[in-house]
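Q:
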Amino acid sequence: MRLLATTLLTLLLANGPALSGELFIVCHTDVTLQSADVRDLFLGDKQFSGSVHLVPVDNAAQQPAFLERVLKMSAAKYSTGWTKKAFRDGLTPPLVLGSDAEALAYVRRTSGACTYASTRPADLSLVASF
375 MRLLATTLLT LLLANGPALS GELFIVCHTD VTLQSADVRD LFLGDKQFSG
425 SVHLVPVDNA AQQPAFLERV LKMSAAKYST GWTKKAFRDG LTPPLVLGSD
475 AEALAYVRRT SGACTYASTR PADLSLVASF
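Per the working numbering, the sequence shown starts with residue 375, numbered consecutively.
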């Protein structure tokens with residue numbers, strides 16, 4: 375059910391607002407991640423940073439910009455990739471939260487969590503900006 379909800383939300387967001395502003399990739403302070411690892415993290419190919427289990431978190435408000443600028447793929451392709459990973463590898467797709475505030479609050483309280491946002495928080499590890 376969660377996978378279906380994620381798929382539907384991703385497809386709905388494909389027709390979201392125009393892209394603008396800067397996009398920041400941020401992680402919990404216990405994560406050491408290079409900007410080159412971001413794509414692998416959000417596609418389920420990188421699951422650990424040292425001994426810390428990584429937890430990617432999608433931000434519905436910024437997902438269209440993230441998919442276009444960082445992953446360089448459509449929402450449909452992203453959703454399809456996660457559907458395949460769920461069935462083939464037993465991986466759980468990223469949790470989808472509705473806004474910068476929700477995504478950043480989740481990252482602050484969750485070890486290994488990483489997200490993207492249009493605002494740069496001073497209390498989290500900055501991985502990259504786009």
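Cβ coordinates follow ideal geometry from the N, Cα and C atoms, glycine included.
From Val412 to Ile399, what distance separates their C-alpha atoms?
A: 8 Å
Q: Applying the 10 Å Cβ sphere with the 16-neighbour rule, what's the burial state of Asp497?
A: exposed
Q: Ignore the nearest five residues each way along the sequence and tell me which others in Gly418's own chain have a CB closer than 6 Å to its CB.
A: Beyond the five residues adjoining it in sequence on each side, Gly418 comes within less than 6 Å, by CB distance, of Lys459 and Leu465 in the same chain, given in chain order.
Q: At 3 residues or longer, and completely inside the segment 396-458: list those beta strand (DSSP E) runs for me, N to C.
A: 398-401 and 429-433
Q: Would DSSP call Ala487 helix, strand or coil?
A: Ala487: strand per DSSP, three-state reduction.
Q: Ignore the nearest five residues each way along the sequence and tell me which others in Ala477's own chain have a CB closer than 7 Å to its CB.
A: Val431, Asn433, Leu471, Thr489 and Ala491
Q: Can you find the residues in the same chain that come closer than 7 Å, C-beta to C-beta, to Ser425, ignoring five residues on each side of it along the sequence?
A: Around Ser425: no qualifying Cβ.
Q: Going by DSSP in three states, Leu469 sits in which element: helix, strand or coil?
A: Here Leu469 sits in strand by DSSP.
Q: Going by C-alpha distance, which of Val429, Gln421, His402 and Phe416 is nearest Leu441?
A: Phe416
Q: Quickly, what does DSSP pair Leu500 with across the bridge? List them, please.
A: Val400
Q: Taking all protein chains shown into account, decide if Ala475 is buried (16 or more other Cβ within 10 angstroms of its Cβ) or exposed.
A: exposed
Q: Going straight from the alpha carbon of Ala479 to that of Phe504, what length do you get?
A: 21 Å
Q: Are the CB atoms of Leu397 and Ser423 nearer to each other than 8 Å?
A: no
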